[in-house]
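Novice: Per the working numbering, the very first residue in the sequence shown carries number 2; after that it's consecutive. For each residue, glycine too, the CB sits at the ideal point set by N, CA and C. My questions all concern the structure below.
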Amino acid sequence: MMLSFNRLLSTNYTFTTCLRRKSQPHISSHYRNVPPYKRCVSSVKHNESSSPRKSNFETFREKLVHGPNFDDFLCNNSNETIIKQNNIPAEITNDIPYLHKSLFKGQRRRVYLETYGCQMNVNDTDIVWSILEKEDFERSFDIKNCDVAFLMTCSIREGAETKIWKRLEYLNFLKKKRKRNSMKIGILGCMAERLKTKILEQSKAVDIVCGPDAYRDLPHLLAVSYEGQTAVNVLLSLEETYADIMPVHVNNTSKSAFVSIMRGCDNMCSYCIVPFTRGRERSRPVDSILEEIRILSDQGIKEVTLLGQNVNSYRDLSTWQSGVDLNPTQMASGFKTVYKSKKGGLRFADLLDKVASINPEMRIRFTSPHPKDFPDSVLQLIKEKPNICKQIHLPAQSGNNFILEQMRRGYTREAYLDLVHHVRHVIPDISLSSDFIAGFCGETEAAHRDTVSLMEEVCYNFAFTFPYSMRQKTRAHHRLIDDVPSEIKARRQAELAETFRKGALELNTQQIGQLQIVLISGTSKRSQLDLAGRNDGNTKVIIPQTKIPIFEEAEPTRTIEVGDYIVVRITGASSQVLKGEPLYHTTLVNFSRKQTPQRIQYCHS
Numbered sequence: 002m003m004l005s006f007n008r009l010l011s012t013n014y015t016f017t018t019c020l021r022r023k024s025q026p027h028i029s030s031h032y033r034n035v036p037p038y039k040r041c042v043s044s045v046k047h048n049e050s051s052s053p054r055k056s057n058f059e060t061f062r063e064k065l066v067h068g069p070n071f072d073d074f075l076c077n078n079s080n081e082t083i084i085k086q087n088n089i090p091a092e093i094t095n096d097i098p099y100l101h102k103s104l105f106k107g108q109r110r111r112v113y114l115e116t117y118g119c120q121m122n123v124n125d126t127d128i129v130w131s132i133l134e135k136e137d138f139e140r141s142f143d144i145k146n147c148d149v150a151f152l153m154t155c156s157i158r159e160g161a162e163t164k165i166w167k168r169l170e171y172l173n174f175l176k177k178k179r180k181r182n183s184m185k186i187g188i189l190g191c192m193a194e195r196l197k198t199k200i201l202e203q204s205k206a207v208d209i210v211c212g213p214d215a216y217r218d219l220p221h222l223l224a225v226s227y228e229g230q231t232a233v234n235v236l237l238s239l240e241e242t243y244a245d246i247m248p249v250h251v252n253n254t255s256k257s258a259f260v261s262i263m264r265g266c267d268n269m270c271s272y273c274i275v276p277f278t279r280g281r282e283r284s285r286p287v288d289s290i291l292e293e294i295r296i297l298s299d300q301g302i303k304e305v306t307l308l309g310q311n312v313n314s315y316r317d318l319s320t321w322q323s324g325v326d327l328n329p330t331q332m333a334s335g336f337k338t339v340y341k342s343k344k345g346g347l348r349f350a351d352l353l354d355k356v357a358s359i360n361p362e363m364r365i366r367f368t369s370p371h372p373k374d375f376p377d378s379v380l381q382l383i384k385e386k387p388n389i390c391k392q393i394h395l396p397a398q399s400g401n402n403f404i405l406e407q408m409r410r411g412y413t414r415e416a417y418l419d420l421v422h423h424v425r426h427v428i429p430d431i432s433l434s435s436d437f438i439a440g441f442c443g444e445t446e447a448a449h450r451d452t453v454s455l456m457e458e459v460c461y462n463f464a465f466t467f468p469y470s471m472r473q474k475t476r477a478h479h480r481l482i483d484d485v486p487s488e489i490k491a492r493r494q495a496e497l498a499e500t501f502r503k504g505a506l507e508l509n510t511q512q513i514g515q516l517q518i519v520l521i522s523g524t525s526k527r528s529q530l531d532l533a534g535r536n537d538g539n540t541k542v543i544i545p546q547t548k549i550p551i552f553e554e555a556e557p558t559r560t561i562e563v564g565d566y567i568v569v570r571i572t573g574a575s576s577q578v579l580k581g582e583p584l585y586h587t588t589l590v591n592f593s594r595k596q597t598p599q600r601i602q603y604c605h606s
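This is the structure we're talking about:
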């Protein structure tokens, strides 16, 4: 399977397949004006003299499951050579004879987008809409009144996929009710790449299957679907970062935004499907990221979260000259990788410094990092820059050394705890969060207790716990046994969640009486008379809606609005939420000048 995966990633090849519903697949030539003897034939014809000829349908299925083969790679390169030698215009090579050009435009068709999973999928949804909006599509927020319905899917756990299968059943029901103008249904994102064959076989309602690296192809895939065919493009890329696409942020009332800085992951943790659904790591150029953040700042955005599957392993090689800065990427002490240390380029600390300098009044967060990629250069930046939030996500996954080794995490319990202590030494008021998997392959009760004790020792502000879900293609799927019963997984997850809540309550209670700066995000979900916001550590803070002074003067006063920075005195706490009294309006710069780090007594320190 690794051979197939590496071959898929190492082939920078665009593969779009069109499957007719009631006939064999139609394979069209993209080079109509090229003489037949110069056209590159498909692998099925290339080998017909030496082996029995496969049908187009069989070839389609093989490519869908395994990706392009070596013949396809040669074919692709031959086509590029043919295009250059014959000076064939791009508009000809991209044309498909049986599709009218009008089909490639939206013609004001209404598109409904529904997002599942992580923040990266939220950002991908904005990218998809940016692509479609330019092609004259319209956005719809009513699933019953749309021409195209796209589900941005997640494959990280079985539960996420189950929700999407149920949603597809509902979409199929809506589609069958339509007597005219039948809607097109598309599956986007990680589930599209992982389960493309199953989706096509089990859900006859699906018209489009598009992977995370193929969103640019959506207008073409939609055009194919209008001709009654199923359109598929799930090829991964070594280069695609959508750096030149400015995502369209639909929620105009929000003062927060996500900015993708890199895609893919190279860590190959044994339980994780991400490297197989999103490919290898590749980073956006720094200039592209800075330009997007400047635009967001001009639009009034007050908080930006930098996104990546392994965000702090960012490396921009776009302007790097070979032979310059050959030092390997620094890692936290005691951590290692399954791959050779990377060299050169601008690192995450360089990017973080540049981003924080754009607007001192814009908060900066980042997720999701790997603990190994926290050198002191990153920690010092978080400490020194007032607008880089004092919050770090440190996914532990387990507190047992044997399980960590089985997971291929690249560190021990001791190395992880050393990092936690070092982070809190450098940044005394840091807020920590983590991820934990309950019931991984081979986890005993003793191993589970090790994880509980790690949580008790660290005392997290936030923790996200999940029962282990075996994913196909992963190393765990091939080499380990999912031997922990589901009921035991559920019980262990509940114990982890309860342990976290006890620690979080203790941490939050210590904050009562503190003055904190809170960015207001909107009305509280529980009361229209209250407002909700987030403090620097990303804890939700609830305050009453009222008029308060501008800065520290008693007069004049004004109403609190979304996007305001408010100084709040904390008056109450639970494990999840803080309550406070709003005192006055402020700015990030003014508040940081008057505050000193708050030292917190941690659970077992």
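1) For F552, count neighbouring Cβ atoms within 10 angstroms of its own Cβ and tell me buried if that reaches 16, exposed if not.
2) What residue from F375, V287, G564, V568 has the CA that sits closest to E554's CA?
3) Run the CB neighbour count on K167, radius 10 Å, all protein chains shown included, and call it buried at 16 or more, exposed below.
4) Output needed for L584: all residues of its chain with C-beta closer than 7 Å, excluding positions within five of it in sequence on either side, in chain order.
5) A505 and S576 - do their beta-carbons sit closer together than 8 Å?
6) Tell me the start and end of each unbroken beta strand (DSSP E) in the region 214 to 279 that is at least 3 residues and wholly inside, in chain order.
7) Helix, strand or coil for Y469? Go by DSSP, reduced to three states.
8) Which residues mark the beginning and the end of the beta strand (DSSP E) in which P501 is found?
9) Pull up the DSSP beta-bridge partners for E582, would you.
10) Exposed or buried, S284, counting other C-beta atoms within 10 Å across all chains shown (16 or more means buried)?
11) Which residue marks the beginning of the alpha helix (DSSP H) containing H479, and which one marks its end?
12) Do you know whose CA, among L420, I290, H250, D484, lies nearest S261's CA?
13) For the alpha helix (DSSP H) containing K164, list its first residue and its last residue.
14) For the beta strand (DSSP E) containing V211, list its first residue and its last residue.
15) Please go through the same chain and pick out, in chain order, the residues whose beta-carbon is closer than 7 Å to the beta-carbon of E81, but skip the five residues on each side of it.
16) Can you check whether the CB of I431 is closer than 8 Å to the CB of I393?
17) What's the gap between the Cα of E115 and the Cα of L189?
18) What are the start and end residues of the alpha helix (DSSP H) that includes K197?
19) Just mark L308 as buried or exposed, buried being the case when its beta carbon has 16 or more other beta carbons within 10 Å.
20) Can you tell me the Cα-Cα spacing of L405 and G118, whole angstroms?
21) Look at the Cβ atom of Q407, then the Cβ atom of F441, and state whether they are nearer than 8 Å.
22) Taking P396 as the reference, give the member of Q331, G335, S369, I383 with the closest Cα.
23) When the Cα atoms are used, what is the spatial distance from P276 to P486?
24) Would you list the one or two residues that DSSP bridges to H394?
25) Output yes or no for whether 8 Å exceeds the beta carbon distance between L380 and D354.
26) Can you tell me whether M332 is helix, strand or coil according to DSSP?
27) Using 8 Å as the Cβ pair cut-off and three pairs as the minimum, do the region 303 to 318 and the region 244 to 251 touch?
28) Tell me the rounded alpha-carbon separation between L201 and G301.
29) Taking DSSP as the reference, what is the three-state secondary structure of I428?
30) What do you reckon, are the CB atoms on V578 and K541 nearer than 8 Å?
31) I'd like the list of long-range same chain contacts for F403, defined as Cβ closer than 8 Å, with 5 residues on each side in sequence excluded.
32) What number of angstroms, rounded off, separates the C-alpha of S435 from the C-alpha of L104?
33) What is the rounded straight-line gap between the Cα of H31 and the Cα of T163?
34) Give the straight-line distance between the Cα atoms of S238 and A193, rounded to the nearest whole angstrom.
35) Assuming M363 and S298 make a contact with CB atoms under 8 Å, what is their CB distance in whole Å?
36) Decide if the region 265 to 273 is in contact with the region 225 to 233; the criterion is three or more beta carbon pairs, one per stretch, under 8 Å apart.
Specialist: The answer reads as follows:
1) Along the sequence shown, one-based indexing puts residue 552 at 551. Answer is exposed; the Cβ neighbour count stays below 16.
2) To locate residue 554, count along the sequence shown from 1; it is residue 553. Among F375, V287, G564, V568, the Cα nearest to that of E554 belongs to V568.
3) Counted from its first residue, the sequence shown places residue 167 at position 166. K167 is exposed by the Cβ-count criterion.
4) Walking along the sequence shown from the start, residue 584 turns up at place 583. Cβ within range, chain order: I549, V568, V569, R570.
5) Here residue 576 refers to the residue found at position 575 of the sequence shown. Here residue 505 refers to the residue found at position 504 of the sequence shown. Yes. Within cutoff.
6) Listed in chain order, the beta strand (DSSP E) runs fully inside the region 214 to 279 are 230 to 234, 257 to 261, counting runs of at least 3 residues.
7) Counting from one through the sequence shown, the residue named residue 469 turns up at place 468. Here Y469 sits in coil by DSSP.
8) What you label residue 501 is simply residue 500 of the sequence shown in a count that begins at 1. For clarity, residue 501 is Phe in the given sequence; the question names Pro instead. Per DSSP, F501 belongs to no beta strand (DSSP E); it is in the alpha helix (DSSP H), 487 to 510.
9) Working through the sequence shown from its first residue, we reach residue 582 at position 581. Beta-bridge pairing by DSSP links E582 to R570.
10) By one-based count along the sequence shown, residue 284 stands at place 283. Buried: at least 16 other Cβ atoms inside 10 Å.
11) Start at 1 with the first residue of the sequence shown, and residue 479 comes out as number 478. Run containing H479: 476 to 480, per the alpha helix (DSSP H) assignment.
12) Looking up residue 261 in the sequence shown gives position 260. The shortest C-alpha separation from S261 is found at I290.
13) Taking the first residue of the sequence shown as 1, we reach residue 164 at position 163. 159 to 178 is the extent of the alpha helix (DSSP H) around K164.
14) On the sequence shown, residue 211 is found 210 positions in, with the first residue counted as 1. Going by the sequence as given, residue 211 is Cys instead of Val. 209 to 211 is the extent of the beta strand (DSSP E) around C211.
15) Indexing the sequence shown from 1 puts residue 81 at position 80. A caution first: E81 carries a pLDDT of 45, below 50, which makes its placement in the model unreliable, though a value can still be read off. Answer for E81: no residue qualifies.
16) Against the sequence shown, residue 393 aligns to sequence position 392. Against the sequence shown, residue 431 aligns to sequence position 430. Against a cut-off of 8 Å, the Cβ pair of I431 and I393 comes out as a contact.
17) What you label residue 115 is simply residue 114 of the sequence shown in a count that begins at 1. What you label residue 189 is simply residue 188 of the sequence shown in a count that begins at 1. Their Cα atoms are separated by approximately 10 Å.
18) Indexing the sequence shown from 1 puts residue 197 at position 196. Where K197 is concerned, the enclosing alpha helix (DSSP H) stretches over 197 to 203.
19) Translated into the one-based positions of the sequence shown, residue 308 becomes position 307. Buried, by the Cβ-count rule.
20) Mapped onto the sequence shown, residue 405 falls at position 404. Mapped onto the sequence shown, residue 118 falls at position 117. Going from the Cα of L405 to the Cα of G118 covers about 25 Å.
21) Translated into positions along the sequence shown, residue 407 becomes position 406. Translated into positions along the sequence shown, residue 441 becomes position 440. Result yes, Cβ atoms of Q407 and F441 sit closer than 8 Å.
22) Here the question's residue 396 lines up with position 395 in the sequence shown. Minimum Cα distance to P396 is reached at S369.
23) Locating residue 276 in the sequence shown gives position 275, counting from the first residue. Locating residue 486 in the sequence shown gives position 485, counting from the first residue. Their backbone Cα atoms lie some 27 Å apart in a straight line.
24) Counting from 1 along the sequence shown, the entry for residue 394 is found at position 393. BP columns for H394 point to S434.
25) Position 379 of the sequence shown, counted from the first residue, corresponds to residue 380. Position 353 of the sequence shown, counted from the first residue, corresponds to residue 354. No, the Cβ-Cβ distance between L380 and D354 is not below 8 Å.
26) Counting from 1 along the sequence shown, the entry for residue 332 is found at position 331. Correct three-state label for M332: coil.
27) The region 303 to 318 is not in contact with the region 244 to 251.
28) The residue given as residue 201 occupies position 200 in the sequence shown. The residue given as residue 301 occupies position 300 in the sequence shown. Straight-line Cα distance between these residues: approximately 43 Å.
29) Numbered from its first residue, the sequence shown carries residue 428 at position 427. I428 falls in the coil class under three-state DSSP.
30) Here residue 578 refers to the residue found at position 577 when the sequence shown is read from its first residue. Here residue 541 refers to the residue found at position 540 when the sequence shown is read from its first residue. Against a cut-off of 8 Å, the Cβ pair of K541 and V578 comes out as a contact.
31) Translated into the one-based positions of the sequence shown, residue 403 becomes position 402. G443, A448.
32) What you label residue 435 is simply residue 434 of the sequence shown in a count that begins at 1. What you label residue 104 is simply residue 103 of the sequence shown in a count that begins at 1. Using only the alpha carbons, I get a separation of about 47 Å.
33) By 1-based counting over the sequence shown, the position of residue 31 is 30. By 1-based counting over the sequence shown, the position of residue 163 is 162. Low per-residue confidence applies at H31: pLDDT is 32, beneath 50, and the placement is therefore not dependable enough to give any value.
34) Along the sequence shown, read from residue 1 onward, the residue named residue 238 stands at position 237. Along the sequence shown, read from residue 1 onward, the residue named residue 193 stands at position 192. Between S238 and A193, the C-alpha separation is close to 15 Å.
35) For the purposes of this step, residue 363 is taken as the residue at position 362 of the sequence shown. For the purposes of this step, residue 298 is taken as the residue at position 297 of the sequence shown. That pair is a contact at about 6 Å.
36) no
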